[in-house]
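Q: In this note's numbering, the protein residues as written are 3 to 336.
Glycine included, C-beta positions come from ideal geometry on N, C-alpha and C.
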Amino acid sequence: MKTEIPEYWKKHIDLKLEKINAIRDMAEGKIAEFIFSTDTHVEVGENRTPELCRYIIEKTGIDKVVFGGDFMDGRKDKNEALKNLKRWRDLWCDLPVYGVRGNHDTNTAGDFTEENRMTDEEYREQIYKYFKNENNGKGFYSYVDDEKNKIRYFLLDTGAKYSQFFGEGHEKDFILYGAPIPAYKEQLDFVWEKSKELGRNWHVVAIQHIIIGGQNCKNPRPVYLMPQGKDLLVTLDKIQEDPEMPRVLVAMCGHNHIDREMLGMGGYPVLSTTCDSGTLAAKHSQENPLREVGTTDEQAFDVVQLDLTNYRFYSTRIGYGKDRTYKMFLSVTQ
Numbered sequence: 003m004k005t006e007i008p009e010y011w012k013k014h015i016d017l018k019l020e021k022i023n024a025i026r027d028m029a030e031g032k033i034a035e036f037i038f039s040t041d042t043h044v045e046v047g048e049n050r051t052p053e054l055c056r057y058i059i060e061k062t063g064i065d066k067v068v069f070g071g072d073f074m075d076g077r078k079d080k081n082e083a084l085k086n087l088k089r090w091r092d093l094w095c096d097l098p099v100y101g102v103r104g105n106h107d108t109n110t111a112g113d114f115t116e117e118n119r120m121t122d123e124e125y126r127e128q129i130y131k132y133f134k135n136e137n138n139g140k141g142f143y144s145y146v147d148d149e150k151n152k153i154r155y156f157l158l159d160t161g162a163k164y165s166q167f168f169g170e171g172h173e174k175d176f177i178l179y180g181a182p183i184p185a186y187k188e189q190l191d192f193v194w195e196k197s198k199e200l201g202r203n204w205h206v207v208a209i210q211h212i213i214i215g216g217q218n219c220k221n222p223r224p225v226y227l228m229p230q231g232k233d234l235l236v237t238l239d240k241i242q243e244d245p246e247m248p249r250v251l252v253a254m255c256g257h258n259h260i261d262r263e264m265l266g267m268g269g270y271p272v273l274s275t276t277c278d279s280g281t282l283a284a285k286h287s288q289e290n291p292l293r294e295v296g297t298t299d300e301q302a303f304d305v306v307q308l309d310l311t312n313y314r315f316y317s318t319r320i321g322y323g324k325d326r327t328y329k330m331f332l333s334v335t336q
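What follows is the structure, encoded as structure tokens:
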């Protein structure tokens, strides 16, 4: 069935498809691709991205949509939050989605009380069991292999209730401090052990909702590592520098509602992508203008291409924002 999209989107996307095809030509067939969307906050956006993804998939054959978390805004009671998750699922359920949980997705942003917080079981029933990544997982983190291109995608969970990261009674310390605790260390051990299974001819991509920060609506700050991001990058750097282990290509996240970037010590790009909810973007940073509904500014997501011939990362922006290109360094010693 042919997907129809508004004319103002069709012209925009068709121009982007020209660039995507040119990148494919440069990669000479040795390329991995996926669509990356994050921070839809389904209650407050236009939610055109699923239909736009269908159109792109029909034109390109891309077989993965990776979602970086914050399906919903989450500042609701549990029943309302569950309805919002169902709404997201109904919009996206026919797409090949691989997803991670964001900090809003257990509705902790609105209420820290246990009786109003959805349980892991409720979250799994409403969203997670529909993801393509669940079968390889443990808890809410997992990996997915691209055997053809020898890439292992790690999909990690930074959306657990805050007390799981910072200890009971210290939930609000998430805003100010943060320290490694066993709940997240378990995921890092998982990344390390599952990377050890692979040789140097394999590659690693890491995706979780929170890695880097920088969002501040009154006083925009430079990019900085969030606590979980710091711990993840230490693990990825160790992998990168071990001559017997895979090469790290990129680490990606959402959360900021702003495009941010830095380099890991191992030389690989670490990127955040702005929110896909144009309605929400301007409320979170004076760097973001109002994004007008009925224009291509209303959404923002990326077609990601990993060129394994020239070792370059390309993200072609669909909607608001800019295309990005990075060299994927193999090691700080090379």
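Alpha carbon to alpha carbon, how far is C55 from D191?
A: Position 53 of the sequence shown, counted from the first residue, corresponds to residue 55. Position 189 of the sequence shown, counted from the first residue, corresponds to residue 191. Approximately 34 Å between the Cα atoms of the pair.
Q: Which same chain residues, not among the five before or five after T160, have their C-beta less than 6 Å away from its C-beta?
A: One-based indexing of the sequence shown puts residue 160 at position 158. Q210, H211, I212 and Q230, listed in sequence order.
Q: For F315 and K324, I'd like the C-alpha separation in whole angstroms.
A: Translated into positions along the sequence shown, residue 315 becomes position 313. Translated into positions along the sequence shown, residue 324 becomes position 322. Approximately 14 Å, taken between the alpha carbons.
Q: Looking at the structure shown, is K32 part of a helix, part of a strand, or coil, going by DSSP?
A: In the sequence shown, counting from the first residue as 1, residue 32 sits at position 30. DSSP places K32 in coil when its eight states are reduced to three.
Q: Alpha carbon to alpha carbon, how far is Q242 from E9? Give it in angstroms, no decimals.
A: As a first step, residue 9 is located in the sequence shown; it is residue number 7 there, counting from the start. As a first step, residue 242 is located in the sequence shown; it is residue number 240 there, counting from the start. Rounded to the nearest angstrom, the two C-alpha atoms are 45 Å apart.
Q: Which first and last residues belong to the alpha helix (DSSP H) in which D65 is found?
A: Within the sequence shown, numbered from 1, the residue matching residue 65 stands at position 63. Careful: D65 lies outside any alpha helix (DSSP H) and carries neither H nor E.
Q: If you draw a straight line from the alpha carbon of R249 to that of K196, how long is it in whole angstroms?
A: Taking the sequence shown and counting its residues from 1, one reaches residue 249 at position 247. Taking the sequence shown and counting its residues from 1, one reaches residue 196 at position 194. So the alpha carbons of these two residues sit roughly 13 Å apart.
Q: Applying the 10 Å Cβ sphere with the 16-neighbour rule, what's the burial state of L292?
A: Mapped onto the sequence shown, residue 292 falls at position 290. Exposed is the call here.
Q: Unbroken alpha helix (DSSP H) runs of length 4 or more, entirely within the stretch 243-294: which are they?
A: For the stretch 243-294, whole alpha helix (DSSP H) runs of length 4 or above, ordered along the chain, are 280-286.
Q: Is the separation between the beta-carbon of D148 and that of A34 shorter than 7 Å?
A: Taking the first residue of the sequence shown as 1, we reach residue 148 at position 146. Taking the first residue of the sequence shown as 1, we reach residue 34 at position 32. Going by C-beta atoms, D148 is nearer than 7 Å to A34.
Q: Does the count of Cβ pairs from the stretch 78-89 and the stretch 258-273 closer than 8 Å reach three?
A: The stretch 78-89, when compared against the stretch 258-273, does not touch it at the 8 Å Cβ threshold.
Q: For G141, which three-state DSSP category applies?
A: To locate residue 141, count along the sequence shown from 1; it is residue 139. Three-state DSSP puts G141 in coil, outside helix and strand.
Q: Within 10 angstroms of the Cβ of G71, are there 16 or more other Cβ atoms? Answer buried if so, exposed if not.
A: What you label residue 71 is simply residue 69 of the sequence shown in a count that begins at 1. Looking at its Cβ environment, which holds 16 or more other Cβ atoms inside 10 Å, G71 is buried.
Q: Starting from H205, follow its DSSP beta bridges and name the residues at the other end.
A: Within the sequence shown, the letter at position 203 stands for residue 205. For H205, which the question treats as bridged, DSSP gives the partners I153 and R249.
Q: Give me the residue from K21, G269, G201 and E60 with the minimum Cα distance to K4.
A: Here the question's residue 4 lines up with position 2 in the sequence shown. Residue E60 is the option with its Cα nearest to K4.
Q: Could you tell me the distance, in whole angstroms, from the CA atom of E116 to the CA atom of G101?
A: Looking up residue 116 in the sequence shown gives position 114. Looking up residue 101 in the sequence shown gives position 99. The alpha-carbon atoms of E116 and G101 are separated by roughly 25 Å.
Q: Rounded to whole angstroms, what is the Cα-Cα separation between F69 and D239?
A: Here the question's residue 69 lines up with position 67 in the sequence shown. Here the question's residue 239 lines up with position 237 in the sequence shown. Going by the C-alpha atoms only, they are around 24 Å apart.
Q: Do you know how far the Cα of L158 is from the Cα of Q189?
A: Taking the first residue of the sequence shown as 1, we reach residue 189 at position 187. Taking the first residue of the sequence shown as 1, we reach residue 158 at position 156. Computed Cα separation, rounded: 7 Å.
Q: Given V334, which residues of its chain have a CB within under 8 Å of its CB, disregarding the five upstream and five downstream residues?
A: Locating residue 334 in the sequence shown gives position 332, where the first residue counts as 1. Note that V334 scores a pLDDT of 38, beneath 50, so its modelled location is shaky; the value from the coordinates is reported in the next line. Excluding residues within five positions, the ones whose Cβ falls inside 8 Å are Q242, E243, M267, G268 and G269.
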